[in-house]
Amino acid sequence: PDPSISEDLLAAGRTAYELDRSHVFHSWSAQGALDPMTIVRAEGSHVWDGEGRRMIDFSSQMVNTNIGHSHPAVVAAIQEQAGRIATIAPAHVNDARSEAARLVAELAPGDLDHVFFTNAGAEAVEHAIRMARLHTGRDKVLSAYRSYHGGTDLAVNVTGSARRFASDRGAAGVARFFPPYTYRSAFHAETPEQEAGRALEHLEQVIQLEGPGTVAAVILESVPGTAGIYVPPAGYMEGVRELTRRYGILFIADEVMVGFGRTGRWFGVDHWGVVPDLMTFAKGVNSGYVPLGGVAISDAVYDTFTDRAYPGGLTYSGHPLACAAAVATINAMKDEGMVDNAARIGTEILGPRLRQLMERHPAVGDVRGLGAFWAVELVRDRATKEPLAPYGGASPEMGELAGECKRLGLLPFVSENRLHIAPPLNTTDEVLHEGLDILDQALEVTDAHAAG
Ligand code: PMP
Numbered sequence: 008p009d010p011s012i013s014e015d016l017l018a019a020g021r022t023a024y025e026l027d028r029s030h031v032f033h034s035w036s037a038q039g040a041l042d043p044m045t046i047v048r049a050e051g052s053h054v055w056d057g058e059g060r061r062m063i064d065f066s067s068q069m070v071n072t073n074i075g076h077s078h079p080a081v082v083a084a085i086q087e088q089a090g091r092i093a094t095i096a097p098a099h100v101n102d103a104r105s106e107a108a109r110l111v112a113e114l115a116p117g118d119l120d121h122v123f124f125t126n127a128g129a130e131a132v133e134h135a136i137r138m139a140r141l142h143t144g145r146d147k148v149l150s151a152y153r154s155y156h157g158g159t160d161l162a163v164n165v166t167g168s169a170r171r172f173a174s175d176r177g178a179a180g181v182a183r184f185f186p187p188y189t190y191r192s193a194f195h196a197e198t199p200e201q202e203a204g205r206a207l208e209h210l211e212q213v214i215q216l217e218g219p220g221t222v223a224a225v226i227l228e229s230v231p232g233t234a235g236i237y238v239p240p241a242g243y244m245e246g247v248r249e250l251t252r253r254y255g256i257l258f259i260a261d262e263v264m265v266g267f268g269r270t271g272r273w274f275g276v277d278h279w280g281v282v283p284d285l286m287t288f289a290k291g292v293n294s295g296y297v298p299l300g301g302v303a304i305s306d307a308v309y310d311t312f313t314d315r316a317y318p319g320g321l322t323y324s325g326h327p328l329a330c331a332a333a334v335a336t337i338n339a340m341k342d343e344g345m346v347d348n349a350a351r352i353g354t355e356i357l358g359p360r361l362r363q364l365m366e367r368h369p370a371v372g373d374v375r376g377l378g379a380f381w382a383v384e385l386v387r388d389r390a391t392k393e394p395l396a397p398y399g400g401a402s403p404e405m406g407e408l409a410g411e412c413k414r415l416g417l418l419p420f421v422s423e424n425r426l427h428i429a430p431p432l433n434t435t436d437e438v439l440h441e442g443l444d445i446l447d448q449a450l451e452v453t454d455a456h457a458a459g
C-alpha cells in the first residue's frame with residue numbers, strides 16, 4: 008500500500024466491502040457477479056483502492072469530477088453552507104441557489120438565462136422534454152441511436168443504446184434517428200462532410216415521415232458520451248439547429264456529460280456556435296460533490312410559463328449544499344483556467360499520444376475526441392472493424408484490458424469495446440503522461456486478440 012494510507016483506513020475499507028456485498032444493491036449489474044472496487048481515499052487526479060494502491064483516475068468517476076477530487080475550495084464551501092443553511096424548500100430564496108443560477112445563465116450560450124435545478128441528469132432530461140411538450144403542444148420526441156440520456160423511465164426510453172433494453176417497453180411518442188458516426192457510418196459516407204450532409208438529410212426525412220406538426224423536440228448529446236464519444240462532424244449541429252427551427256421543433260442539447268468544460272469549451276455546443284432551446288446539465292456543474300443537475304431554458308420557453316404554472320418540481324431542487332458546491336466549482340474552474348487547460352491537453356497531449364498508441368497497437372481501430380474527452384475503440388480487425396465486444400456488452404478481452412490497466416495503476420472507463428479517457432481537467436501533464444504510458448503497456452494484452 009501507499010504510505011499515505013493507514014492500517015485503520017484499510018480496515019475500514021474491508022468492513023465497507025463486506026457491508027456493501029451484504030446490503031448495497033448496485034446499478035446495471037447482476038448482484039451475484041460483482042466484485043466492486045473499494046475506494047478509501049480520493050485526491051486530485053488520484054484514487055486509492057481497498058489495498059491502498061494509488062491509481063490515476065482517467066474516468067473522473069463517470070466523467071463527473073472535472074475539477075478533481077477533494078478540491079479544498081469546494082469542500083470549504085460545502086462545509087460553510089452546511090453550517091449556515093443545509094436545506095430549504097425550493098419555494099424559498101437562497102443565496103447559493105441564486106448565485107449558482109446566475110453563473111449558469113452567464114456561461115450558457117445565447118438567451119438560456121433561466122435555470123430549473125434537479126438532482127441529476129436523468130431528471131433534467133425528463134423535465135426538458137416535459138417543458139418542450141408543453142411549449143409546443145406536441146408530443147413526439149426524436150432521439151438518436153447510440154445515445155445515453157439517463158436511467159429513469161422516460162430518460163431511458165429516449166436513450167438509444169443497448170442499455171435501454173433493460174427496461175425499454177418502447178415509449179409512446181419517441182422515435183429514433185441515426186446520428187453521424189463517421190467511423191461506422193450508417194450512411195456509407197466516406198468523409199466527415201458527407202456524413203454530416205447525409206445525416207441531416209436523414210433527420211429531415213424522419214421529421215417529415217413522423218409529421219413535423221407532431222414533433223415537440225429533437226434531443227441530442229452535444230458530443231455523445233457513454234455510447235462512444237463520437238464528435239459530430241462540422242456542420243451537423245448547425246444543421247440540426249436550422250432544421251428544428253424551420254419545423255418549429257425545440258432543440259434539446261443534452262450537456263450532462265460534456266457541460267462545464269469537459270471538451271475544452273464551457274459547453275459542447277460552443278464548438279459550433281449553436282444555441283439550443285433547452286440545455287440539460289449535471290455532473291460537471293459541481294463536479295458531483297453533491298448531486299445537482301438542471302435545465303437551462305430560453306426566454307421563449309420561459310415565457311410559456313409566466314402565466315401558466317409549470318407542472319413539476321422536486322423537494323431538493325436547488326439544494327443549498329449542491330448549489331454552494333456549484334458556485335465554488337465554477338469559480339475554481341474560472342480562477343484556475345481549467346477549461347482552457349482541457350483544450351490544451353487535448354491538442355498537445357491526449358490527441359497526439361492516443362494517435363501514437365493507434366500506430367503501435369493493432370487492436371486500436373479508432374481514437375477520437377476533444378479536450379479531455381477521448382475514446383479508444385478496440386477492434387479484432389481494422390479492415391472489418393469487428394468490435395472487441397458484442398454490441399451492448401463487454402467481452403472477456405475488454406475485462407482483461409481493464410484489469411491490466413488497474414493492475415498497473417490506471418482507472419479507465421470501459422464502455423462496450425471502448426476505453427474512455429476522461430481525466431480531471433486540471434490533471435498535470437506529468438500524470439497524464441504517466442497514465443498514457445500505463446495504457447500503452449496495458450494495450451499489449453489486447454493486441455494478442457487483433458488480426459494486425
Ligand atoms: N445524459 C447524459 C448525456 C449522460 O451522460 C448521463 C449520465 N451519464 C445522463 C444524461 C444521466 O445522468 P444521471 O446519471 O445523473 O441521471
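In full-length UniProt numbering, each residue's number is its place in the sequence shown (first place is 1) plus 7. Where is the CB? At the ideal position from N, CA and C, for every residue including glycine.
Rounded to the nearest angstrom, how far is the Cβ of residue i from that of residue j, given a contact under 8 Å?
i: residue 221; j: residue 147; result: 5 Å
i: residue 457; j: residue 369; result: 4 Å
i: residue 129; j: residue 157; result: 3 Å
i: residue 340; j: residue 74; result: 6 Å
i: residue 21; j: residue 57; result: 7 Å
i: residue 361; j: residue 428; result: 7 Å
i: residue 264; j: residue 232; result: 4 Å
Determine the DSSP secondary structure at residue i, reduced to helix, strand or coil.
i: residue 475; result: Outside the shown range of the chain, which is 8 to 459, sits residue 475, and nothing can be said about it.
i: residue 58; result: coil
i: residue 13; result: coil
i: residue 235; result: coil
i: residue 326; result: coil
i: residue 159; result: coil
i: residue 373; result: strand
i: residue 48; result: strand
i: residue 384; result: strand
i: residue 355; result: helix
i: residue 444; result: helix
i: residue 150; result: strand
i: residue 224; result: strand
i: residue 393; result: strand
i: residue 432; result: coil
Shortest alpha-carbon distance to residue i belongs to which of the options?
i: residue 445; options: 12, 429, 416 and 205; result: 416
i: residue 88; options: 65, 114, 190 and 297; result: 297
i: residue 330; options: 256, 319, 97 and 54; result: 97
i: residue 256; options: 267, 276, 271 and 210; result: 210
i: residue 117; options: 423, 327 and 305; result: 305
i: residue 185; options: 247, 79 and 336; result: 247
i: residue 348; options: 90, 282, 273 and 238; result: 273
i: residue 140; options: 426, 191, 129 and 284; result: 284
i: residue 25; options: 418, 44 and 223; result: 44
i: residue 325; options: 114, 121, 17 and 427; result: 121
i: residue 342; options: 395, 81, 240 and 215; result: 81
i: residue 254; options: 159, 223, 190 and 275; result: 223
i: residue 17; options: 31, 55, 37 and 322; result: 55
i: residue 46; options: 32, 388, 63 and 238; result: 63
Would you say residue i touches the ligand PMP, meaning its beta carbon is less than 8 Å from a heavy atom?
i: residue 261; result: yes
i: residue 384; result: no
i: residue 106; result: no
i: residue 378; result: no
i: residue 401; result: no
i: residue 290; result: yes
i: residue 132; result: yes
i: residue 127; result: yes
i: residue 44; result: no
i: residue 228; result: yes
i: residue 188; result: no
i: residue 460; result: There is simply no residue 460 to check, as the chain begins at 8 and stops at 459 in what is shown.
Step through the CB atoms of chain D and report whether any lies within less than 9 Å of the CB of residue i.
i: residue 311; result: In the structure shown, chain D does not exist; there is a single protein chain.
4-residue-minimum alpha helix (DSSP H) runs that sit fully inside the stretch 253-310, ordered along the chain: none
Completely contained alpha helix (DSSP H) runs for the stretch 76-111, where each covers 4 or more residues: Listed in chain order, they are 79-91.
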